[in-house]
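*Asks:* Here it is, the structure in full.
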Amino acid sequence: MTATTLLSPVQLHAIAQVAKGASKVRDELTVGNHRPEFTAMFRGELTVGDRQPASSTSAFNSEQLIAWLLDQLGPRKRVQVVNALVAATKEVTKAKPLPVDEKTLQLTSRLIRETSTTSSGTKRGNVAGKIVCELL
Numbered sequence: 374m375t376a377t378t379l380l381s382p383v384q385l386h387a388i389a390q391v392a393k394g395a396s397k398v399r400d401e402l403t404v405g406n407h408r409p410e411f412t413a414m415f416r417g418e419l420t421v422g423d424r425q426p427a428s429s430t431s432a433f434n435s436e437q438l439i440a441w442l443l444d445q446l447g448p449r450k451r452v453q454v455v456n457a458l459v460a461a462t463k464e465v466t467k468a469k470p471l472p473v474d475e476k477t478l479q480l481t482s483r484l485i486r487e488t489s490t491t492s493s494g495t496k497r498g499n500v501a502g503k504i505v506c507e508l509l
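In this note's numbering, the protein residues as written are 374 to 509.
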């Protein structure tokens, strides 16, 4: 049996609250297999929030967009554009972006905005609380 079948959702979330800091001590673990065996008592309070409306925006598949744009060019021009872009991106930093005309940036923003899709739904409420764990 697994922990998810032996423990209730409340018990599992109590453990999750206590274990939030586990990633901070990951480097203290040694390589190899470990067999933890201990008994612990968890006490405290969990607060579960209501479901909330949410929306998410996803961009159109960039590979398809770029392929369609390249398809508008002749075969040799495609290769030239790809080679130039690959070379230019190797020199790009936050301080030194690709040299692009402002009107082209505006058109690119419009393309991304108008090809993106937005979906709405709900997301689960947060689980918060203060749980104290003592080893027995």
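Even glycine gets a Cβ: it sits at the ideal position worked out from N, Cα and C.
Quick caveat, the model's predicted, so the values are computed rather than measured.
(1) Once you ignore the five residues that flank arginine 497 on each side, which residues in its own chain have a CB closer than 7 Å to its CB?
(2) Take valine 421 as the anchor and find which of Glu436, Pro382, Pro470, Leu484 has the nearest alpha-carbon.
(3) Please classify alanine 387: does DSSP put it in a helix, a strand, or coil?
(4) Using 8 Å as the threshold, is the C-beta distance between threonine 375 and leucine 385 below it?
(5) For the pair the stretch 403-416 and the stretch 478-498, tell me if three or more CB-CB distances fall below 8 Å.
(6) Would the stretch 392-406 and the stretch 453-472 be scored as touching if the rule is three or more Cβ pairs under 8 Å?
(7) Taking the DSSP output, what are the residues bridged to valine 421?
(8) Which residues does DSSP pair with arginine 336 in a beta bridge?
(9) Can you tell me whether glutamine 479 is buried or exposed, with buried defined as 16 or more other CB within 10 angstroms of its CB?
(10) Taking all protein chains shown into account, do 16 or more other C-beta atoms lie within 10 angstroms of the C-beta of glutamine 390, making it buried, or fewer, making it exposed?
(11) Between glutamate 401 and cysteine 506, what straight-line distance do the alpha-carbon atoms span, to the nearest angstrom?
*Replies:* Result, derived from the coordinates:
(1) Arg424
(2) Pro382
(3) In the three-state reduction of the DSSP assignment, alanine 387 falls in the helix class.
(4) no
(5) no
(6) Short answer: they don't touch.
(7) Val500
(8) Any question about residue 336 goes unanswered here, given that the chain covers just 374 to 509.
(9) exposed
(10) Counting the other Cβ atoms within 10 Å of the Cβ of glutamine 390 gives 16 or more, which makes it buried.
(11) 20 Å
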